[in-house]
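Chemist:
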């Protein structure tokens, strides 16, 4: 599947499973899920791998800036909640470990470690230790990426480091199925986010 399809499907899955009820929860959920939805593809080994990595890095930085701006503007309580559930030491060490795991994964063959249960578990555990609310949406979105890739024609090594993989050969990466998932994921994300925002605005005005 293409990157934008993974993005909308991953965030839509996280929203549907976790069902955030506040703007703070929605920001954390969509931010973590957006990164989890695309991070698996840092292991792309084609000629455009550097461009893919740059896009993922840019997206991660952009999300972090957006969250900080929303917190500053509307005082969502993210920093207060972070100070209660984590600390700066865990953030710095966890971020370093997270980058280390991603660096390892980047140097593995495509659809191996970064598309496996081992990669999913290791990154999610690190995020949980850094700040627990990040772990679930990240894991759900990353899992959705892996499951969507299994529909394609290239094998996914779910049980890395074991050899062999799984693929259902149902579609191509940029075919009709990809477009269908893109449309469905976009619709689900828009409807859920719109309903949450409408409810909050209605409650504020009422």
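In the working numbering, the protein residues as written are 811 to 1016. From the three backbone atoms N, C-alpha and C, an ideal C-beta is built for every residue, glycine too.
1. On the DSSP bridge assignment, give the partners of residue 976 in chain order.
2. For my contact list, residue 843 and residue 948 are in at a C-beta cut-off of 8 Å; report their separation, rounded to the angstrom.
3. Out of 868, 944 and 892, state which residue places its alpha-carbon closest to the alpha-carbon of residue 839.
4. Excluding the 5 residues flanking residue 984 on each side, which residues of the same chain have their C-beta closer than 7 Å to its C-beta?
5. Which residue's Cα is closest to the Cα of residue 978: 920, 881 and 957?
6. So is residue 986 buried or exposed if we call it buried at 16+ other beta carbons inside 10 Å?
7. Could you round the C-beta distance between residue 825 and residue 1002 to whole angstroms and report it? I think they count as a contact, below 8 Å.
8. What are the boundary residues of the alpha helix (DSSP H) that residue 957 is part of?
9. Flag this pair as yes or no: are the beta carbons of residue 954 and residue 847 separated by less than 8 Å?
10. Ends of the alpha helix (DSSP H) at residue 1021?
11. From residue 880 to residue 973, what distance separates their C-alpha atoms?
12. Where does residue 986 fall in DSSP's three states?
13. In chain order, what residues of the same chain have a beta carbon less than 7 Å from the beta carbon of residue 892, not counting five sequence neighbours either side?
14. With DSSP as the reference, label residue 938 as helix, strand or coil.
15. Kindly indicate the opening and closing residues of the alpha helix (DSSP H) around residue 816.
16. Residue 968: which of 950, 928 and 1005 sits nearest, CA to CA?
17. Assuming contact is defined by CB atoms lying nearer than 8 Å, are residue 821 and residue 906 in contact in what I supplied?
18. In whole angstroms, what is the alpha-carbon distance linking residue 965 and residue 882?
19. Buried or exposed for residue 884, going by 16 or more other Cβ atoms inside 10 Å?
20. Determine the contact status of residue 908 and residue 914, defining contact as a CB-CB distance below 8 Å.
Modeler: In short:
1. As a position in the chain shown, residue 976 is number 166, starting the count at 1. DSSP lists 966 as partners of residue 976.
2. One-based indexing of the chain shown puts residue 843 at position 33. One-based indexing of the chain shown puts residue 948 at position 138. At roughly 7 Å, the Cβ-Cβ gap stays under 8 Å, so residue 843 and residue 948 are in contact.
3. To locate residue 839, count along the chain shown from 1; it is residue 29. Out of 868, 944 and 892, 944 has the C-alpha closest to the C-alpha of residue 839.
4. Counted from its first residue, the chain shown places residue 984 at position 174. Cβ neighbours of residue 984 beyond the five flanking positions: 812.
5. Translated into the one-based positions of the chain shown, residue 978 becomes position 168. Residue 978 has its Cα closest to that of 957, out of 920, 881 and 957.
6. For the purposes of this step, residue 986 is taken as residue 176 along the chain shown, with counting starting at 1. With fewer than 16 Cβ atoms within 10 Å of its Cβ, residue 986 is classed as exposed.
7. Start at 1 with the first residue of the chain shown, and residue 825 comes out as number 15. Start at 1 with the first residue of the chain shown, and residue 1002 comes out as number 192. Contact flag correct, Cβ pair sits at about 5 Å.
8. For the purposes of this step, residue 957 is taken as residue 147 along the chain shown, with counting starting at 1. Run containing residue 957: 945-960, per the alpha helix (DSSP H) assignment.
9. Mapped onto the chain shown, residue 954 falls at position 144. Mapped onto the chain shown, residue 847 falls at position 37. Yes.
10. Here the chain has residues from 811 to 1016 only, and residue 1021 is not among them.
11. For the purposes of this step, residue 880 is identified with residue 70 of the chain shown, where counting begins at 1. For the purposes of this step, residue 973 is identified with residue 163 of the chain shown, where counting begins at 1. Distance from the CA atom of residue 880 to the CA atom of residue 973, rounded to whole angstroms, is 44 Å.
12. What you label residue 986 is simply residue 176 of the chain shown in a count that begins at 1. Residue 986: helix per DSSP, three-state reduction.
13. Start at 1 with the first residue of the chain shown, and residue 892 comes out as number 82. The beta carbon of residue 892 is closer than 7 Å to those of 941 in its chain, skipping five residues each way along the sequence.
14. One-based indexing of the chain shown puts residue 938 at position 128. Here residue 938 sits in helix by DSSP.
15. The residue you call residue 816 lines up with position 6 of the chain shown. Run containing residue 816: 813-828, per the alpha helix (DSSP H) assignment.
16. Within the chain shown, residue 968 is the residue found at index 158, counting from 1. Answer by Cα proximity: 928.
17. As a position in the chain shown, residue 821 is number 11, starting the count at 1. As a position in the chain shown, residue 906 is number 96, starting the count at 1. Against a cut-off of 8 Å, the Cβ pair of residue 906 and residue 821 comes out as no contact.
18. Residue numbering aside, residue 965 sits at position 155 when the chain shown is read from its first letter. Residue numbering aside, residue 882 sits at position 72 when the chain shown is read from its first letter. Residue 965 and residue 882 have their C-alpha atoms some 44 Å from each other.
19. Taking the first residue of the chain shown as position 1, residue 884 is located at position 74. It counts as exposed.
20. Translated into the one-based positions of the chain shown, residue 908 becomes position 98. Translated into the one-based positions of the chain shown, residue 914 becomes position 104. Contact flag unset, no.
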